Amino acid sequence: MPAGDAHVAGAHPSWEGGTSVVKNRTRPGRVLTLGGGALLALALTGCSQSAMEQWGRWGMPVAASEQAPWMGNLWNGAWIASMVIGVFVWGLMFWAAIRYRRRDDNYVPKQTRYNLPLELLYTLVPFLIIGVLFFFTVQSQDHLLAKINDRPVHTINVIGQKWSWSFNYMEQQNPAVNTVVHDRGTVERLPDLYLPVDEPVRFNLQSADVIHSFWVPEFYFKLDVLPGHPNSFDVTPNRTGTFLGKCAELCGTYHSAMLFNVHVVTVAEYNAHLKDLAAQGQTGELKAPAWPNTVPSAPADEEHQR
Ligand SMILES: [Cu+2]
Numbered sequence: 003m004p005a006g007d008a009h010v011a012g013a014h015p016s017w018e019g020g021t022s023v024v025k026n027r028t029r030p031g032r033v034l035t036l037g038g039g040a041l042l043a044l045a046l047t048g049c050s051q052s053a054m055e056q057w058g059r060w061g062m063p064v065a066a067s068e069q070a071p072w073m074g075n076l077w078n079g080a081w082i083a084s085m086v087i088g089v090f091v092w093g094l095m096f097w098a099a100i101r102y103r104r105r106d107d108n109y110v111p112k113q114t115r116y117n118l119p120l121e122l123l124y125t126l127v128p129f130l131i132i133g134v135l136f137f138f139t140v141q142s143q144d145h146l147l148a149k150i151n152d153r154p155v156h157t158i159n160v161i162g163q164k165w166s167w168s169f170n171y172m173e174q175q176n177p178a179v180n181t182v183v184h185d186r187g188t189v190e191r192l193p194d195l196y197l198p199v200d201e202p203v204r205f206n207l208q209s210a211d212v213i214h215s216f217w218v219p220e221f222y223f224k225l226d227v228l229p230g231h232p233n234s235f236d237v238t239p240n241r242t243g244t245f246l247g248k249c250a251e252l253c254g255t256y257h258s259a260m261l262f263n264v265h266v267v268t269v270a271e272y273n274a275h276l277k278d279l280a281a282q283g284q285t286g287e288l289k290a291p292a293w294p295n296t297v298p299s300a301p302a303d304e305e306h307q308r
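Every number in the numbering used here is 2 more than the matching position in the sequence shown, counting from 1.
The following block contains the structure:
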């Protein structure tokens, strides 16, 4: 049993016991506690401007890629549609509860049955709602998964392994680097993913073992990393900064430690970082072994094996 549950279970008897303070707390006391909690929550979340702005994005961080607005608009639209429908349904529920409340013990209102227009309405309206959401979902998905073909792209081959990430920068064609360099992460050392700002990057995702999911929240995008099924997507980071990338698929004991640092930097800084990696001997491509092995193999020798 998780510690949190144990705590709740431990506290439980005092709620049941007739002499407990909790049981005897008066109603105004409880209301005050609730009100205080709500005020505290407001104070904690509402005092900083950036937190308020994040509420404006329905909890999303500030976007950092050219493709992010497709997902951002879908996210905002889905929330607005849900809120409109929610308020309408709550309104109907409260209206019906108040308008048709029982006033007289012997009175039973007229029961409605086989009302065809009403049944058609509540069958068709949900289909309509789902249809609209489906249309915008497919539209966003097509744009997010579209490959960038009109500009040269940097290619980064990513390997997800229990429980970290390895990045291969396929920069043979880049005159500033001229080779493939890699950065292998471990559970103890988070790997660093460097990306050039305003330049398209193609990610090829491979898993060395189980299903992972490659997620950079600021790009508003995640994609499954599947054993035996390479996935790929293009993204153009458009805001410099340091972000935290994550694995978004529960993949075992240290899933929560499967993080990586994302540095969106200028092209010059990007090239300089890759040259640093090359100078440290991190050249060549790390390959995902045939599933279901667990550790990517080193490019030429076994020197990098864990
Ligand atoms: Cu994972």
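Backbone N, C-alpha and C define an ideal beta-carbon position, used for all residues, glycine too.
Model, not experiment: these values are computed from the prediction.
Segment contact: the region 83-99 against the region 264-284, fewer than three CB-CB distances shorter than 8 Å; contact not assigned.
Following the DSSP letters along the chain, one finds Ser-258 in no beta strand (DSSP E), marked with neither H nor E. Annotation for Asp-144: no beta strand (DSSP E) segment contains it, though the alpha helix (DSSP H) segment containing it runs 118-147. The beta carbon of Val-218 sits closer than 7 Å to those of Phe-245, Gly-247 and Val-264, all from its chain and outside the five residues before and after it, given in chain order. Exclusion of Trp-92 from the 8 Å shell around ligand 1 follows from its C-beta lying no nearer than that to any non-hydrogen atom of the ligand. Judged by beta-carbon spacing, Glu-190 lies beyond the 9 Å limit of Val-183, meaning their Cβ atoms are not closer than that value.
Nearest C-alpha to Ala-250 among Trp-165, Asp-185 and Ser-234: Trp-165. Linking Gln-284 to Val-266 through their CA atoms gives a straight-line distance of about 20 Å. In this structure the region 144-152 does not touch the region 121-128; the number of beta carbon pairs closer than 8 Å is below three. In the DSSP annotation of this structure, Leu-252 is not part of any alpha helix (DSSP H), being labelled neither H nor E. Residue side-chain check: Trp-165 places its Cβ nearer than 8 Å to a non-hydrogen atom of ligand 1. Within 10 angstroms of the beta-carbon of Gln-113 lie fewer than 16 other beta-carbons, which makes it exposed. Cβ neighbours of Ile-100 within its own chain (closer than 6 Å, five residues either side excluded): none. With a contact defined as Cβ atoms closer than 8 Å, Val-227 and His-214 qualify at about 4 Å.
Of the other Cβ atoms in all chains shown, 16 or more fall within 10 Å of the Cβ of Gln-208; this residue is therefore buried. Where Val-110 is concerned, there is no enclosing alpha helix (DSSP H), because DSSP gives it neither an H nor an E. When DSSP states are grouped into helix, strand and coil, Asp-236 belongs to the strand group.
Remark: C-beta atoms of Ser-67 and Asn-180 do not approach each other more closely than 9 Å. Within the chosen limit of 8 Å, ligand 1 does not reach the beta carbon of Gly-247 with any heavy atom.
Residue burial annotation: Asp-185 is buried, with at least 16 other C-beta atoms found within 10 angstroms of its C-beta. With 16 or more other Cβ atoms inside 10 Å of its own Cβ, Tyr-196 counts as buried. For Pro-198, there is no enclosing alpha helix (DSSP H); the residue is part of the beta strand (DSSP E) that begins and ends at 194-198.
Around the beta carbon of Gln-141, fewer than 16 other beta carbons lie within 10 angstroms, which makes this residue exposed.
With fewer than 16 other Cβ atoms inside 10 Å of its own Cβ, Tyr-116 counts as exposed.
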